[in-house]
Amino acid sequence: MSQIDNEKMCESNVTEEFERQPVPKSSLLGFKSFIGMYAGEHCAGTELMIGPLFVAAGVSAFDVVIGLLLGNALAVMSWMFLCAPIATRTRLTLYYQLEKICGRWLVILYNLANGIMFCFLAGAMITVSATAVGVWFNFPMPELSDVYPNSVGWVLAVAAVGALISVVAAFGYQTVSKFANIAAPWMVLVFLAFGLIGLRQFITASGAEVGSFGDAWTLAKTHIWKGGDPLPGQVKFTFWHITFFAWFCNMAMHIGMSDLSIFRFAKKSWYGIAASSGMYVGHFMAWLSASILYAYQLHLDPADTAVLPGPLAYRAAGIAGIICVIVAGWTTANPTIYRAGLAFQAIIPKCSRFTVTLITGAIATIAAMFPYFAMKLLGFVALYGLILMPMGAVIFVDFWLIKKFGLQSSYAEVSKTSFNWAAFLAWVVPVSVCVWLFKAGILEIYFVSLPGWFLAAILYILISMIYQKKIRPQINPKQES
Amino acid sequence: MKMIAQILSWISLVVLMVPSVLFLAGKMSSLDQVKWVMLLATIFWFVTAPLWMWKESD
Chain A
1 MSQIDNEKMC ESNVTEEFER QPVPKSSLLG FKSFIGMYAG EHCAGTELMI GPLFVAAGVS
61 AFDVVIGLLL GNALAVMSWM FLCAPIATRT RLTLYYQLEK ICGRWLVILY NLANGIMFCF
121 LAGAMITVSA TAVGVWFNFP MPELSDVYPN SVGWVLAVAA VGALISVVAA FGYQTVSKFA
181 NIAAPWMVLV FLAFGLIGLR QFITASGAEV GSFGDAWTLA KTHIWKGGDP LPGQVKFTFW
241 HITFFAWFCN MAMHIGMSDL SIFRFAKKSW YGIAASSGMY VGHFMAWLSA SILYAYQLHL
301 DPADTAVLPG PLAYRAAGIA GIICVIVAGW TTANPTIYRA GLAFQAIIPK CSRFTVTLIT
361 GAIATIAAMF PYFAMKLLGF VALYGLILMP MGAVIFVDFW LIKKFGLQSS YAEVSKTSFN
421 WAAFLAWVVP VSVCVWLFKA GILEIYFVSL PGWFLAAILY ILISMIYQKK IRPQINPKQE
481 S
Chain B
1001 MKMIAQILSW ISLVVLMVPS VLFLAGKMSS LDQVKWVMLL ATIFWFVTAP LWMWKESD
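Sequence lines, in order, name chains A and B.
Residue numbering for the first sequence follows my numbering, starting at 1 and increasing by one per position.
Residue numbering for the second sequence follows my numbering, starting at 1001 and increasing by one per position.
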């Protein structure tokens, strides 16, 4: 899964300078900057959980390979055709764009939701790193179905890793960000090595003769991604689950428009295609590699269902693999905690960023102690996208459609309101309906965001018609742009 | 100096990958050897890459 935001750009002085104004031409970045950033960012610690969880969900070879190819293509297109065109036209951050549409208080509420989701995501990343510690200290580690921490050793390992990451994040993560840039090329290749080594282990263990692509595909179908029933407690994943998961796991970033803050630096909107580097390196190669390692573990012992990136990586690549797990978890958890801290600090500006980040890190660390969040990462990632997605629909409608209905765009700014109720309802109602659809068993969490986006878009237009014209007419129509 | 560091670090990435490719091809049978070479390449990368990448990240 992905890493939230793009520390390279967000941390730079350039971004700080243009928080409340469009990025000028002189500060635009070339295509290569986006390729490198996305490739590094989407090779995170959580990829080592997601790949194995696909296997636990009983995917077949065709479903996982073709589903990922299609789902990632849809994700890239979402960046390219939904997010980047608005970003390169407005050249504003997501938060400033939202403030213009929704008003300051609604943005604060959005920040709160964002911060909470970041906390749990960072928790999953800390969990990944802590599994590497377990290889050295050999304490009992969580099983696939565990909800609560199952040993003192596990709690202490998570606490130590979480404390370290939180303190570093509280001091600012520029150094870690630089280290992450250095680690990225190495980490991508270690992920690839995981897959190659795992493949050989399968060939040896199964006694298969692999001399052509056809042989390799047969091995994949019959031994690695065999399909069939999922492991107990897991949801069965089909082709459509994989496709939608790959498409929506970064929904907050593309359809949810979080990456407006990134692509406002792009010279052209087609630079959105640069996201394919992250998708096909991190969300294709890395997921498949990690899933091969887990499938091999199950091949050796079908009762050994624990999804533990540390031992998986150690078995394949030794100490280099362990270092990869720690680095992948650490370099991605760190900015996530930092950004969650920033989101919370916007709500309580009087509290120092240092204190807020430490408290945020503590919450993430406590979450990490509960293996439930990491073991249910597939569902959590889908929920994360669902909660933040409607604001993307609001931005899309506000930018492209709202004037066609005779309504005002950037309504909060123009009408000087600090809380746009139309945007609030277009956010909360679709999320509530989608959660109800999911809870009622009508539609699974992995698919529910698609109708949710259309619902949010339609609601924003309909409620704006009433809100802008009847309830809160514009104070000064001359301000219309 | 920067160019030497750059060349050495790229070589370390090649060395990192070669054993896993050879292992897959069945040309290298010992997984322990693969792991050791990967560890050495890792150390080499993290020693040489910061020499030119750290400043570039500024």
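Here a beta-carbon is modelled for each residue, glycine too, at the ideal position from N, C-alpha and C.
Beta bridge pairing from DSSP links Ala-266/A with Leu-29/A. Boundaries for Val-210/A: no alpha helix (DSSP H) harbours it, and the DSSP string shows neither H nor E there. Taking 9 Å as the threshold, the shortest C-beta distance from Asn-181/A to chain B falls below it.
By the beta-carbon neighbour count (other beta carbons within 10 angstroms, threshold 16), Met-117/A is buried.
For Pro-185/A, the nearest CB of chain B lies under 9 Å from its own CB, placing it at the interface with that chain.
Of the candidates Pro-52/A, Ile-461/A and Gly-71/A, the residue whose Cα lies closest to the Cα of Tyr-280/A is Gly-71/A.
In the three-state scheme derived from DSSP, where H, G and I count as helix and E and B as strand, Ser-78/A is classed as helix.
Annotation note: the region 34 to 106 of chain A contains the following uninterrupted alpha helix (DSSP H) runs of length 4 or greater, listed N- to C-terminal: 47 to 56, 61 to 78, 84 to 90 and 94 to 102. Rounded to whole angstroms, the gap between the alpha carbons of Gly-67/A and Asn-138/A is 37 Å. Residue state for Lys-1002/B is assigned as helix, using DSSP reduced to three classes. In the three-state DSSP reduction, Lys-178/A falls in the helix class (H, G or I).
Against chain A, the CB of Lys-1002/B has no partner CB under 9 Å away; the residue lies outside that interface. Between the alpha carbons of Lys-226/A and Val-1021/B lies a distance of about 25 Å. With distances taken between CA atoms, Asp-229/A lies nearest to Phe-54/A out of Arg-339/A, Ser-291/A, Phe-54/A and Leu-98/A.
Contact between the region 288 to 296 of chain A and the region 37 to 55 of chain A is present, with at least three C-beta pairs closer than 8 Å. Below the 7 Å Cβ cutoff, chain A contributes no neighbours of Val-1015/B, its closest Cβ being approximately 10 Å away. By the Cβ rule, the region 307 to 319 of chain A counts as touching the region 118 to 138 of chain A, because three or more pairs are nearer than 8 Å. Annotation for Ile-387/A: Ala-113, Met-117 and Val-431 place their beta carbon closer than 7 Å to its own, counting only its chain and skipping 5 residues before and after. Pairwise C-beta distances place the region 175 to 190 of chain A out of contact with the region 354 to 362 of chain A, as fewer than three of them are shorter than 8 Å.
Nearest C-alpha to Asp-398/A among Gly-58/A, Val-64/A and Gln-97/A: Gln-97/A.
The C-beta of Glu-99/A has 16 or more other C-beta atoms within 10 Å across all chains shown, which makes the residue buried. Of the other Cβ atoms in all chains shown, 16 or more fall within 10 Å of the Cβ of Lys-178/A; this residue is therefore buried. CA-CA distance, Phe-237/A to Thr-243/A, rounds to 10 Å. Annotation for Ser-151/A: no alpha helix (DSSP H) segment contains it, and DSSP assigns it neither H nor E. Taking 9 Å as the CB threshold, Ser-1020/B lines the interface with chain A. Contact annotation: in the region 1027 to 1040 of chain B, residues whose CB is within less than 8 Å of a CB in chain A are Leu-1031, Asp-1032, Val-1034, Lys-1035, Trp-1036, Met-1038 and Leu-1039.
When Cβ pairs closer than 8 Å are counted between the two stretches, the region 312 to 330 of chain A is seen not to touch the region 138 to 153 of chain A, the count staying below three. In this structure Ile-182/A touches Trp-1054/B by the C-beta definition: roughly 7 Å separates them, less than 8 Å. Shown here for Ile-363/A: same chain residues with a beta carbon closer than 7 Å to its own, the five before and five after excluded, namely Cys-119 in chain order. Contact annotation: in the region 191 to 224 of chain A, residues whose CB is within less than 9 Å of a CB in chain B are Leu-192, Ala-193, Phe-194, Gly-195, Leu-196, Ile-197, Leu-199, Arg-200, Gln-201, Ile-203 and Thr-204. Proximity of chain B to Ala-313/A at the Cβ level (cut-off 8 Å) is not reached, the minimal Cβ distance being about 11 Å.
When 9 Å is used as the limit between beta carbons, Ala-1005/B is near no residue of chain A, the shortest such separation being about 12 Å. Pairing Phe-380/A with Leu-121/A gives a Cβ-Cβ distance under 9 Å. Taking the beta carbon of Phe-1023/B as reference, the chain A residues within 8 Å of it are Leu-196, Ile-197 and Arg-200, listed in sequence order.
Taking a Cβ-Cβ cut-off of 8 Å, the neighbours of Leu-189/A in chain B comprise Leu-1013, Leu-1016 and Met-1017, given in sequence order. Of Ala-75/A, Ile-366/A, Ala-216/A and Pro-22/A, the smallest CA-CA separation from Ala-61/A is found for Ala-216/A.
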